[in-house]
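Okay, so here's the structure we're looking at.
There are 2 protein chains.
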Amino acid sequence: MSDKAQIQEAIKTQGEVVRKLKTEKASKEQIDEEVAKLLELKAQLGGDEGKHQFTLKTAKGTRDYNPKQMAIREKVFNTIIGCFKRHGAETIDTPVFELKETLTGKYGEDSKLIYDLKDQGGELLSLRYDLTVPFARYLAMNKISNIKRYHIAKVYRRDNPAMTRGRYREFYQCDFDIAGQYDPMIPDAECLKIVHEILSELELGDFRIKVNDRRILDGMFAVCGVPDDKFRTICSTVDKLDKMSWEDVRSEMVKEKGLSEEAADQIGQYVSMQGGKDLAERLLQDAKMSQSKQACAGLTDMKLLFSYLELFQVTDKVVFDLSLARGLDYYTGVIYEAILTQNGPAPEAGEKGEEGVSVGSVAGGGRYDGLVGMFDPKGRKVPCVGVSIGIERVFSILEQKAEASAEKVRTTETQVMVASAQKNLLEERLKLTAELWNAGIKAEVMYKKNPKLLSQLQHCEDSGIPLVAILGEQELKDGVVKLRDVHSREEADVLRAELVEEIKKRIADV
Amino acid sequence: MSDKAQIQEAIKTQGEVVRKLKTEKASKEQIDEEVAKLLELKAQLGGDEGKHQFTLKTAKGTRDYNPKQMAIREKVFNTIIGCFKRHGAETIDTPVFELKETLTGKYGEDSKLIYDLKDQGGELLSLRYDLTVPFARYLAMNKISNIKRYHIAKVYRRDNPAMTRGRYREFYQCDFDIAGQYDPMIPDAECLKIVHEILSELELGDFRIKVNDRRILDGMFAVCGVPDDKFRTICSTVDKLDKMSWEDVRSEMVKEKGLSEEAADQIGQYVSMQGGKDLAERLLQDAKMSQSKQACAGLTDMKLLFSYLELFQVTDKVVFDLSLARGLDYYTGVIYEAILTQNGPAPEAGEKGEEGVSVGSVAGGGRYDGLVGMFDPKGRKVPCVGVSIGIERVFSILEQKAEASAEKVRTTETQVMVASAQKNLLEERLKLTAELWNAGIKAEVMYKKNPKLLSQLQHCEDSGIPLVAILGEQELKDGVVKLRDVHSREEADVLRAELVEEIKKRIADV
C-alpha cells in the first residue's frame, strides 16, 4: 500500500472511532482528542482535504486569558508582587524548559507528569514542573549562598485537568523563597507572615494556615513504631486526612500498608492534635514523643516559630496541626499550607490540587535544606524556605466574584475619547489625540472618517472611558474643546491650551 | 550484551567523543552538548556513577535572568506597557504550546525551527513560534472581529543562537495589534506612532522606521517583468539588501534565481529609492509603476499613511523605502521595520535576527488581512495590523549601558532596614518590622539574633536601601527610633508613633 493509501486507511479507521464516541455520547474532551488525531491525519494528506479543518481549540488543560481575566490577573499579581517587594525580595526568571536530567529524581512518582520535548537533535529537554527545582539549579549553578527572591511564572504538569475548579496543565506559580544560613525560624516566620498578608489583602474570605514539621512527623512515626522504610508511605496516607475520615486512613495504613494496629492507633492519637505554642510545649513533655531527638528538635523550633509569629501578629490564623504532611519529598523541616475556610465550592471527594494539596488550599510551602546540595558538584548545602501561592484557585474565586458583581471590570485604562459630532474632522481628531498621547494622557480615537457621535459615546459607556473630548467647527474656531463627563453627561468648554491639565485634574478627582 | 553493558559501552564511546572535542578545542557549546549526552547515559545507569553529575546549565540558547537583568526588564516592560495602555489597548494571554496543526503552514520554511513536544499520548503539541498566529487562532476561535490588544510573552525557535547579540531560542515578543474593519491606514499609522513613542522613551539613540507595502513590491515585480511564480523568491532576495550590496543581490537574482538581467536592473532602479509622501506621489505618476493596479493601491495608501504620520508628528523618523521586503508570508499590505542608526555593535555579516530582520532592527510589523481567515471555518476575514518590539535587542543594549554606567541598578525597593546596635533585640526588631510592613512600608530585617551594626549598614550600602531605623535600649525606653539616612549618615530620633509618617515623607523627598 502506498503511504497515501495507508494514511487514507488510517483516516477511515479514526473516523469510525470518532463516530462511535459520538454515538456513545462520550465526554467532549475524549471526542475532541480523537477528532484532533483525525485532523492531524488529514493534514498529513495535505491538499484540500486538510484545509480549513483546524480544530479551533487550545491544548488540553490549557486556556486563553481574555482581557477581563487579564485585568483580574494583573490586579492579583500587583497585590502579590507588592507584598513580595515590601519584604525586600528580588526577582529572577528561568527558561520554561530545563535539561531533562535537571528534573530527574526530584518529584518522586509525579515525574510521570512531566512534559518532555521531542528529541529534535541536541539536548533532551523537559518543561519545568515547578519553580523550586529551577531555583535550586540556579543557586547551585551561580554559587549563590543567600538570596530572597520571588518568581512568578507558568509551570507544566500532564495531570488530569479540572478546569472549572482552577486546575490546569499550564498554570501559574507565585513563589517566594529565602535561601541562606540564618538563625532558626526567622525566615520561616516571614514566609508565614507573607501568606497572611497576601490572603488578607486579596479578600478571599477567612483562612487558616496549618503548620507542622517533617522532623515532628518522622519522630512521631518512629516513637509509634512505624518501621523506617515505611515513613514515606505512611506519611502520604496521613496526608489524606483532609479528605478521608480517620477510620479510612487507619484502614489504609493497616490493611494496605501492613502497619500494626497498635502503631496506627498511636498515630491516630497524635494526628488529631491541633494547637499553638502550648501544644508544642506539651508534646515536648510527652513521654513518648520526647524520646525522639528529631521530634524534640522540630518541637523546639515550632515553639520558637510561634514566638516570632506572635511578634508578627499572625497567630490568629496559624494552627500547629500534626495531621499536615504535604506531598513533596524535598521538605526537611517546617511545612505549611493555607486553606480558605469559607468561599467557593467544596473539594470533590478524593480530588487533590497541585503538590498533593486539597483544592481548598491556596498556599503551601516549607523548608528544603537539601535540594540545592543535590545540584552542587561538591554537595554544598544552601538551606532554603519558601512559599508558593496557589494563584489559579485565587483567579477562579475572583473571576466568579466579578461575574456575580454588578460592577464592570475595565479592561483598558483609557481616560479620554477624542470625538466629533460633525463630518470631516478626522484630521483634527488625530491631531488632538497625538497631543494627548504626547502629554501622557491615555486616549482613544475611532478609526473611522466620520463616526457617529452616538457610537463614540456608546464605546465610552461600554468600556468605561470617563471623559470625551469633543471637537466641532465652532470649538476649533474658538480654540476650545468640549469636555464631556460620560457619567454625569455634563459638558464644559475648555481652552485647548488647558485641556491636558483639566483632564489630569478630572482623572485625579475620580 | 545486557542493557547495562550496552549503556556502559555507549558511555565509553561518548567519553571518547568528549575527549576528542576537548583536544581539538571545539566550541564550549559543542562540548557542553556532548557532555550532556554523556551524563544522560550515566544517569541511565543509575547508582553512584550518575550521582551529582548534573550538567549545571540552562538549555542551549536560553538563559536565566538575574535580579539586575530583571530590574532592567521590569523598567523596559513598564515603558512599553505604559505606551500600549496610553493607546487604549487591552491584553490577552495564550498558552505556551498550541496544537501542532495550528502552527502548520504559517511560517513557510521557518517551520523547521518549531519546537515540538514529545508524543506522550493525546494531542500533538508545539511551542509557539510567535504571538501573531496564536492571536489569529484566538480571534477565530472566539469570533472576535475587533480588538486592540497587546501581548508580551516568550516565544521559541530552534534557531542558531547568538546570545551575546541578544538572539536566543527562548525570547520575549512584545506585540501590539489592531484587528477590525476600519477606514484605511488609521490603525496602521497608530502602530508607527507607537514604535516612535517607545523607541524615543527607551532612549536607545537615534532610529529610523522604514515603511513599504507588499502591494507596491508585488506591483513593482510585475511591471519589471518578474514572472508571477518568482515573486516570493525574488522578494526574499530583495530582503537581503540591508546587508548585501546591490551587485550581490543582482547576481543572486540573475544567476541563482534565473531572472532576466533587464528585469533585475529595473528592480535595481526602484529599490534604491527612498523618500516620503513625495516619493509615493512621484511613483503614482511613474509610467511603468502606474500600470500596476496593485502598486497604485499601495502608493495611494502610502500617501494617506504619510498624511496621518504628519498629524502624529513622526515623519522625522519614517522613510518610505522600496527595498524593505520582510520575511514572513502573511503580510498583505503596509510593512515596516525600525532600526537603530547608532549604538551597539554592527550586525555580523549575513546575520539575521528574528523574523528575517537584521539584528540592528528593534521593531517590525505590518498588515496581515488574511491570517485570521485561515483559521475561520468559513474563511471569514478579520483585517489586522500590528507591530512587534524586538525586546531582547533592547535588553542587550540597556544591560550594556548599565554595565558601563557608574550608577548602580537597584534590585529591591526596600525603603528601610530595621537594625540594632546592641544584642538581644531581635524580638524588638521583628516587632517594629511588622509594624512597618503593616503600614505598607518596604522594610527588611536581618535574620540573625545579634547581627553587627556594621554588617547591617553594609547591607544597606550594597543594596541601596536609603534609610535605617535603629533600635537600642535607650530608644526603647524613650519611645523613639533613631532614623539614619544611609547616604548623608545623618541620624535623628523620631517618635515611634510618628515613624511611619516620617519614613513616607523622607521617601517622597528622594
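Protein chains in written order, with the UniProt record's numbering: chain A, 1 to 510; chain B, 1 to 510. Here a beta-carbon is modelled for each residue, glycine too, at the ideal position from N, C-alpha and C.
- Taken atom to atom, the span from the alpha-carbon of A:S463 to that of B:G390 is near 30 Å.
- Per DSSP, B:E170 is not a residue of any alpha helix (DSSP H); the beta strand (DSSP E) it occupies stretches across 170 to 179.
- Not a single CB atom of chain A sits nearer than 8 Å to the CB of B:V409.
- Of all residues in the stretch 71 to 99 of chain B, only A71, R73, E74, G82, C83, K85, R86, H87, G88, A89, E90, T91, I92, D93, T94, P95, V96, F97, E98, L99 place a beta-carbon less than 9 Å from a beta-carbon of chain A.
- The DSSP assignment places 147 to 156, 170 to 179, 207 to 213 as complete runs of the beta strand (DSSP E) inside the stretch 141 to 221 of chain B, in order along the chain (cut-off: 3 residues).
- The Cβ atoms of A:P466 and A:V486 lie closer than 8 Å to each other.
- Looking at the backbone, the Cα of B:L199 and that of A:L39 are separated by about 43 Å.
- With respect to the 8 Å criterion, A:V387 and A:S323 are not classified as neighbours on the basis of their beta carbons.
- According to the DSSP assignment, A:C384 belongs to the beta strand (DSSP E) that extends over 384 to 389.
- With respect to chain B, the C-beta atom of A:F171 has no partner C-beta closer than 8 Å.
- When only Cα atoms are considered, B:K257 and B:C224 end up about 15 Å apart.
- Here the C-alpha atom of A:A419 lies approximately 20 Å from the C-alpha atom of A:T411.
- Secondary structure note for B:R484: its beta strand (DSSP E) is the uninterrupted segment 480 to 485.
- Beta-bridge annotation (DSSP): B:D321 is paired with B:Q274.
- Under the Cβ distance rule, A:I186 counts among the residues neighbouring chain B, one pair being separated by less than 8 Å.
- For the pair A:K100 and B:V76, the Cα-to-Cα distance works out to about 32 Å.
- Inter-residue distance for B:A406 and B:K68 is about 14 Å (C-alpha atoms, whole angstroms).
- A Cβ-Cβ contact shorter than 8 Å links B:I147 with B:A179.
- The beta carbon of A:Q456 sits no closer than 8 Å to any beta carbon of chain B.
- Within the stretch 412 to 437 of chain B, the residues whose Cβ lies closer than 7 Å to some Cβ of chain A are T412, E413, T414, E427, L430, K431, A434, W437, listed in chain order.
- In this structure, DSSP gives A:V409 a state outside helix and strand, which the three-state scheme calls coil.
- Ranked by how close their Cα comes to the Cα of A:F306, the residues A:D321, A:S292, A:E74 have A:D321 in first place.
- Against chain B, the beta carbon of A:Q266 has no neighbour under 7 Å; the closest one sits roughly 36 Å away.
- Distance between B:L139 and A:E16, taken at the CA atoms: about 31 Å.
- Interface criterion not met: the Cβ of B:L103 is under 8 Å from no Cβ in chain A.
- Nearest to A:R232 by C-alpha distance, out of A:V362, A:Y331, A:L204, A:P184, is A:Y331.
- When secondary structure is reduced to three states using DSSP, A:Y107 falls in the coil class, being assigned neither helix nor strand.
- Minimum Cα-Cα distance from B:V271 among the listed residues B:Q285, B:K210, B:Q313 corresponds to B:K210.
- For the C-beta of B:N66, the chain A residues within less than 8 Å are, from N- to C-terminus, I92, N142.
- Residue contact with chain A for B:E502: absent (no Cβ-Cβ distance below 8 Å to any residue of chain A).
- Residue contact check for A:Q313 against chain B: a CB pair falls below 8 Å.
- Distance from the CA of A:R496 to the CA of A:D478, rounded to the nearest whole angstrom, comes to 9 Å.
- Residues of chain A with a Cβ closer than 7 Å to the Cβ of B:T62 are, in chain order, P95.
- Within a 10 Å sphere around the beta-carbon of B:S455 sit fewer than 16 other beta-carbons, which makes this residue exposed.
- According to the DSSP assignment, B:L99 belongs to the beta strand (DSSP E) that extends over 97 to 99.
- B:E109 and A:K243 have their C-alpha atoms roughly 53 Å apart.
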